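In what follows, a structure is listed as structure tokens, so that the remarks can point back to it.
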Ligand code: HEC
Ligand code: HEC
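Residue numbers (our numbering): 6 to 431.
What follows is the structure in structure tokens.
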């Protein structure tokens, strides 16, 4: 089903344009003022503010929003009755958890204390949820396991638009509920491990149906929270709760929350015409980002992502989702050799608020992340590998590194720092 999604073949003409523009920006425009140069970049890439006010005008039904708020914050849907969306998407951390990799059911506490609390590790770095209701946001998760194309939404629960989900975001919002490590856990509440296995081991329509069955069994339990859930469900005009209306409710809530809480970034203000909003160093950084840094070959568009899949050669550690603790990224979805170690280009709006970085949180700060793109060797020499096995298998990952990275033409620490300064304004 995913075979037709080949990000590279679609992107090649675009890439040539980016590289050519990079060349022009870096060589031909020095006679112009920095604002004129940046304005040219903005016009060439047709960039628009995207941090605020771009929310998909979904059903802003107050009752649905109230149900979504409850669902986002409740632990009743989790197996151990200890995990909610807000466990890992914290208000205090720009809706991430601040950890290298997330800790799901069985965990408690926040921050580093949570890492050591004995919960099940979800071997990926949590994303923020800001901007996810932007109409251009159509590919979700590090491996793109939810993707919207031509009105169809592909996902592990099958084509989802026909099941009543109103967006890819809405599908992405319910997948955590189906994950053993994030939510299902040791089924204290679901009791029957047969049901748990059913949800975990099946795909597409079967997964959707098995999950809906579990949810409705859950609603028959007697507790104050379940009573509240049933009440909110009725007020929202929903007869039978299922994954689709849960997803639609959570995203209706998030759309309102994200819109209310978003901050207009320095970059947005600059795009809106305030030439003082960025410092001179940030403006240089922006020009480098779109120019000889070649960053926009992948981090492009208003959201700073091509929604495509690339490898930058991030070391794996020994705790990945796939075989031998590896995380093969996109290939885990497409089963194609060429997709090994590729991850969806992360969006960069608000990026300075969500350390650590990379799909497994390998990088503590932005400068380390950017340096690694340019040249991974110093990072590897300094941090080593987590095991002998990893050291010996790293060659495979290295050879997956996108050749686009070879075009990056940054030559001084000062240039790297300017780019980081620009990222801090996003
Ligand atoms: C145990 C921690 C944890 C919990 C609980 C959790 N998430 Fe996440 N969330 C993550 C991690 C880690 C990722 C990245 C996973 C990946 O890409 O494979 C993520 C990714 C996402 C994404 C995709 C964002 C993007 O840009 O692709 C959405 C949407 C999301 N979570 C929403 C939710 C909702 C809604 C809930 C509650 C139903 C929830 N999450 C519960 C940790 C968690
Ligand atoms: C070949 C495509 C590509 C290019 C070019 C590229 N990146 Fe990336 N970038 C990625 C991918 C893919 C990741 C995630 C990789 C992973 O975690 O395995 C990433 C991760 C990042 C992150 C971490 C974001 C997060 O939330 O974890 C930052 C910051 C970043 N890139 C900035 C830059 C900058 C600055 C440049 C230019 C110097 C650049 N990138 C060039 C593809 C690219």
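C-beta atoms are modelled at their ideal positions from N, C-alpha and C, and glycine is treated no differently. Everything numeric in this text was worked out from a predicted model, so none of it was measured.
- A contact between stretches requires three or more CB pairs, one per stretch, nearer than 8 Å, and the stretch 123–138 meets this requirement with the stretch 360–370.
- Across the structure, residue 283 and residue 359 are spaced so that their CA atoms are roughly 20 Å apart.
- With fewer than 16 other Cβ atoms inside 10 Å of its own Cβ, residue 225 counts as exposed.
- In the DSSP assignment, residue 152 falls within the beta strand (DSSP E) that extends over 151–154.
- A check of alpha carbon separations from residue 273 across 338, 354 and 116 identifies 354 as the nearest.
- Excluding its 5 nearest sequence neighbours in each direction, residue 303 has C-beta neighbours in its own chain below 8 Å: 310, 311, 313, 315, 350, 407 and 409, listed in chain order.
- The beta carbon of residue 396 lies closer than 7 Å to those of 390 in the same chain, with the five residues before and after it left out.
- One alpha carbon belongs to residue 320, the other to residue 255, and they sit about 34 Å apart.
- Shown here, residue 113 sits in coil according to DSSP, grouped into three states, outside any helix or strand.
- Under the three-state reduction of DSSP output, residue 107 falls in the strand class.
- The beta-carbon distance between residue 318 and residue 330, rounded to whole angstroms, is 17 Å. This is too long to meet the 8 Å contact definition.
- Nearest C-alpha to residue 159 among 338, 394, 286 and 388: 338.
- The continuous beta strand (DSSP E) containing residue 157 extends over residues 157–159.
- Contact between the stretch 285–295 and the stretch 75–85 is not established, with fewer than three Cβ pairs separated by less than 8 Å.
- For residue 427, the uninterrupted alpha helix (DSSP H) segment begins and ends at 418–429.
- The straight-line gap separating the alpha-carbon atoms of residue 144 and residue 348 is approximately 11 Å.
- Taking 8 Å as the upper bound for CB-CB distance, residue 207 and residue 252 are not in contact here, some 19 Å apart.
- Here residue 127 carries a strand assignment [DSSP, helix/strand/coil].
- If you draw a 10 Å sphere on the C-beta of residue 245, you find fewer than 16 other C-beta atoms in it, and that means exposed.
- With 16 or more other Cβ atoms inside 10 Å of its own Cβ, residue 170 counts as buried.
- The residues 101, 102, 103 and 115, in chain order, have a CB closer than 8 Å to that of residue 95 in the same chain once the five nearest residues on each side in sequence are set aside.
- Counting every other CB atom within 10 Å of its CB across the protein chains shown gives residue 352 a total of 16 or more, marking it as buried.
- Boundaries of the alpha helix (DSSP H) around residue 378: 371–379.
- Under the DSSP assignment, residue 285 falls in the alpha helix (DSSP H) whose first and last residues are 285–295.
- Pairing residue 87 with residue 111 gives a Cβ-Cβ distance under 9 Å.
- Restricting attention to 271, 383, 398 and 430, the CA atom closest to the CA of residue 332 is found in 398.
- Inter-segment contact for the stretch 44–55 and the stretch 226–238 is absent: fewer than three beta-carbon pairs are separated by less than 8 Å.
- A Cβ-Cβ contact shorter than 9 Å links residue 210 with residue 162.
- Closest by C-alpha distance to residue 149, out of 346, 416 and 403, is 346.
- Scanning 249, 308, 257 and 400 for the CA closest to the CA of residue 55 turns up 308.
- Per DSSP, residue 182 lies in no alpha helix (DSSP H) segment and is marked neither H nor E.
- Here the alpha carbon of residue 99 sits roughly 15 Å from the alpha carbon of residue 138.
- Taking the Cβ of residue 304 as the reference point, at least one heavy atom of ligand 2 falls within a distance shorter than 8 Å.
- Taking C-alpha positions only, residue 234 is separated from residue 70 by approximately 13 Å.
- The closest heavy atom of ligand 2 lies less than 8 Å from the beta carbon of residue 300.
- Taking a C-beta distance under 9 Å as the contact criterion, residue 271 and residue 287 qualify as a contact pair.
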